[in-house]
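Trainee:
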Ligand SMILES: [Mg+2]
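Residue numbers (this note's numbering): 9 to 141.
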C-alpha cells in the first residue's frame, strides 16, 4: 500500500466496515474497543520499562506491538470514518496544538534530560488544564 494517502486508507476502512455490516457501529463501542486494545498494548510492557533501543532489539516484542497498534489504529480510523471526521485534518490540527503548547525548542531540552525542564513540562500542562484546553 505504498504511496497511498490517508484518504485512501479511510476509504478502505469504510469499505471494510460496510462489507461486514459494521458501518453502523456505535461510537461508544468503538471508543471502548480503543481503550481495550490500548490495554493490550500496555500489557506488553507490564513489569518492565525497557529503553527504546532495548525494545527495538526485541523483534518478537516489536511484532506484538505492531499487532496491538494495528488494533488501536484501526478502531481509531473506524470511529473517524463513521463520524466523517477528516483524519488528516484532525491530526495536523492536533500537531499544531501540541507545537504551540510544547514548543520543540523547549521540549528538546527536556528530552536531553536538562535539569528543571521536567517541571516546566508539567507547569505548561497544568496551565493548559486550568484554561480547559
Ligand atoms: Mg489486541
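Glycine is no exception: its CB is placed at the ideal position from the N, C-alpha and C atoms.
Can you grab the Cα-Cα spacing for the pair residue 46 / residue 40, in whole Å?
Mentor: Just so you know, the alpha carbons of residue 46 and residue 40 end up roughly 10 Å apart.
Trainee: According to the neighbour-count rule (16 or more other Cβ atoms, all chains shown, within 10 Å of its Cβ), is residue 77 buried or exposed?
Mentor: exposed
Trainee: Check whether the Cβ atoms of residue 48 and residue 79 sit closer than 8 Å, and answer yes or no.
Mentor: yes
Trainee: Evaluate residue 89 with the Cβ neighbour count: other Cβ atoms within 10 Å of its Cβ, from every protein chain shown; 16 or more gives buried, anything less gives exposed.
Mentor: It is buried - the Cβ of residue 89 has at least 16 other Cβ atoms within 10 Å.
Trainee: Quick one: Cα of residue 100 to Cα of residue 27, how far?
Mentor: 30 Å
Trainee: Report buried or exposed for residue 38, applying the criterion of at least 16 other Cβ atoms within 10 angstroms of its Cβ.
Mentor: buried
Trainee: Could you give the C-beta distance for residue 81 and residue 69, rounded to a whole number, given that I count them as a contact under 8 Å?
Mentor: With a Cβ gap of about 18 Å, residue 81 and residue 69 do not count as contacting.
Trainee: Enumerate, from N- to C-terminal direction, the unbroken alpha helix (DSSP H) stretches of 4 or more residues contained entirely within the stretch 32–91.
Mentor: Complete alpha helix (DSSP H) runs here, min 4: 35–51, 60–64, 67–90.
Trainee: Using three-state DSSP, classify residue 5 as helix, strand or coil.
Mentor: An answer regarding residue 5 cannot be provided, because it is not within the stretch 9 to 141 covered by the chain.
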